[in-house]
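Undergrad:
Numbering (full-length UniProt numbering), first residue to last: 1 to 279.
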């Protein structure tokens, strides 16, 4: 039985099994800091860390279906190998030694996130996952045949649906990879949408640098300007990203409240005779 079939079995038994190990069960997310968004997240997730190996806590990994741990270990190992091979190709494309990007991660970790998007009765009011870029180095995404991943190249004006290809991975570069390449390789701006007809499953494997890894372009070509003003650790980069996202959400929430108040005041005026409005 392969890894994907395991995950479908988990999706069917989500609450019974998932609450026993390292996971988060999420349907609609109503975080006060994110309520400025016009839509809400609609998904259930299992999250576990597989690299570095010393960080694995097997007591929190599932023991069902039978063989889960062995298959998951193999899957994680192969995905780490694939990620490193892709980073070697990107390093050479930058004119660097092939291990340059991997070395810049210091001690690469790996987080596997299984996303289950249930059928949604009101897909226009929800997103499976709101628009974002991944903070890490490189992400490998395995989709089922339902699809729902979308990407944008024009700051959200238009969205392109990434059609699933059976047996293929979607490769997203994260913010860390973007900065290391000095913006030569773009971080993928993407979101996941849901629908009312079918549930959807995807498996995202995130390869991230160590918290103390230095984030700064590895090579700045002649005539280029560094995309970062100064070097920082990945932990600091991540902190700044999260703070910025939360602040943006708060501003959206405030704007939404102001628009609502303006609409209420307009409605009050519309109900008054013109003489009273200018009295």
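We put the beta carbon where it would ideally sit given N, CA and C, even for glycine. What you are looking at is a predicted structure, and each value in this text was computed from that prediction instead of being measured.
1) Could you work out which residue in 56, 150 and 54 is closest to residue 188 when comparing CA atoms only?
2) Touching or not, the region 213 to 226 and the region 94 to 112, by the rule of three or more beta carbon pairs under 8 Å?
3) What did DSSP end up calling residue 130 once you bin it into helix, strand or coil?
4) Nearest to residue 92 by alpha carbon, out of 185, 206 and 236?
5) Using the DSSP secondary-structure output, state which residues sit across from residue 233 in a beta bridge.
6) Report yes if the CB atom of residue 204 is closer than 8 Å to the CB atom of residue 141, and no otherwise.
7) Is DSSP giving residue 141 helix, strand or coil here?
8) For residue 165, count neighbouring Cβ atoms within 10 angstroms of its own Cβ and tell me buried if that reaches 16, exposed if not.
9) Assuming contact is defined by CB atoms lying nearer than 8 Å, are residue 138 and residue 182 in contact in what I supplied?
10) Taking Cβ positions, are residue 90 and residue 171 nearer each other than 8 Å?
11) According to DSSP, is residue 109 helix, strand or coil?
12) Using only the alpha-carbon positions, how far apart do residue 232 and residue 143 sit?
13) May I ask you to report which of helix, strand or coil DSSP gives residue 72?
14) Roughly how many whole angstroms lie between the Cα atoms of residue 145 and residue 78?
15) By alpha-carbon positions, which one of 147, 209 and 200 ends up nearest to residue 163?
16) Considering only the beta carbon of each residue, do residue 198 and residue 119 sit closer than 8 Å?
17) Taking only three categories from DSSP, how would you classify residue 239?
18) I'd like to know whether the C-beta atoms of residue 136 and residue 207 end up nearer to each other than 8 Å.
19) Considering just the uninterrupted stretch of the alpha helix (DSSP H) at residue 185, what are its terminal residues?
20) Look up residue 81 in the DSSP assignment and say whether it is helix, strand or coil.
21) Mapping the DSSP letters down to three states, classify residue 22 as helix, strand or coil.
TA: Considering the structure as presented:
1) Numbered from its first residue, the chain shown carries residue 188 at position 188. Comparing Cα positions, the closest option is 150.
2) yes
3) Position 130 of the chain shown holds residue 130. Looking at residue 130 - three-state DSSP - the assignment turns out to be strand.
4) Taking the first residue of the chain shown as 1, we reach residue 92 at position 92. Answer by Cα proximity: 185.
5) In the chain shown, counting from the first residue as 1, residue 233 sits at position 233. Beta-bridge pairing links residue 233 to 214.
6) In the chain shown, residue 204 corresponds to position 204, counting from 1. In the chain shown, residue 141 corresponds to position 141, counting from 1. Yes. Within cutoff.
7) Mapped onto the chain shown, residue 141 falls at position 141. Here residue 141 sits in strand by DSSP.
8) Along the chain shown, read from residue 1 onward, the residue named residue 165 stands at position 165. Counting Cβ neighbours within 10 Å, residue 165 comes out exposed, since fewer than 16 surround it.
9) As a working mapping, residue 138 is identified with position 138 in the chain shown. As a working mapping, residue 182 is identified with position 182 in the chain shown. Not in contact: residue 138 and residue 182 (Cβ atoms no closer than 8 Å).
10) Taking the first residue of the chain shown as 1, we reach residue 90 at position 90. Taking the first residue of the chain shown as 1, we reach residue 171 at position 171. Not a contact, by the Cβ cut-off of 8 Å.
11) Position 109 of the chain shown, counting from 1, holds the residue named residue 109. Three-state result, residue 109: strand.
12) Here residue 232 corresponds to residue number 232 of the chain shown, with the count starting at 1. Here residue 143 corresponds to residue number 143 of the chain shown, with the count starting at 1. Distance between the alpha carbons of residue 232 and residue 143 is about 33 Å.
13) Along the chain shown, one-based indexing puts residue 72 at 72. Helix at residue 72.
14) Mapped onto the chain shown, residue 145 falls at position 145. Mapped onto the chain shown, residue 78 falls at position 78. Their backbone Cα atoms lie some 22 Å apart in a straight line.
15) Within the chain shown, the letter at position 163 stands for residue 163. Of 147, 209 and 200, the residue nearest in Cα terms is 147.
16) To locate residue 198, count along the chain shown from 1; it is residue 198. To locate residue 119, count along the chain shown from 1; it is residue 119. Yes, the Cβ-Cβ distance between residue 198 and residue 119 is below 8 Å.
17) Translated into the one-based positions of the chain shown, residue 239 becomes position 239. Three-state result, residue 239: helix.
18) Taking the first residue of the chain shown as position 1, residue 136 is located at position 136. Taking the first residue of the chain shown as position 1, residue 207 is located at position 207. Yes. Within cutoff.
19) Stepping through the chain shown from its first residue, residue 185 is reached at position 185. Residue 185 -> no alpha helix (DSSP H), and no H or E assigned at all.
20) The residue you call residue 81 lines up with position 81 of the chain shown. The answer is helix: DSSP assigns residue 81 an H, G or I state.
21) The residue labelled residue 22 in the question sits at position 22 within the chain shown. The predicted model places residue 22 with a pLDDT of 36, which falls under 50 and marks its position as unreliable; any figure quoted below should be read in that light. Residue state, collapsed to three classes: coil.
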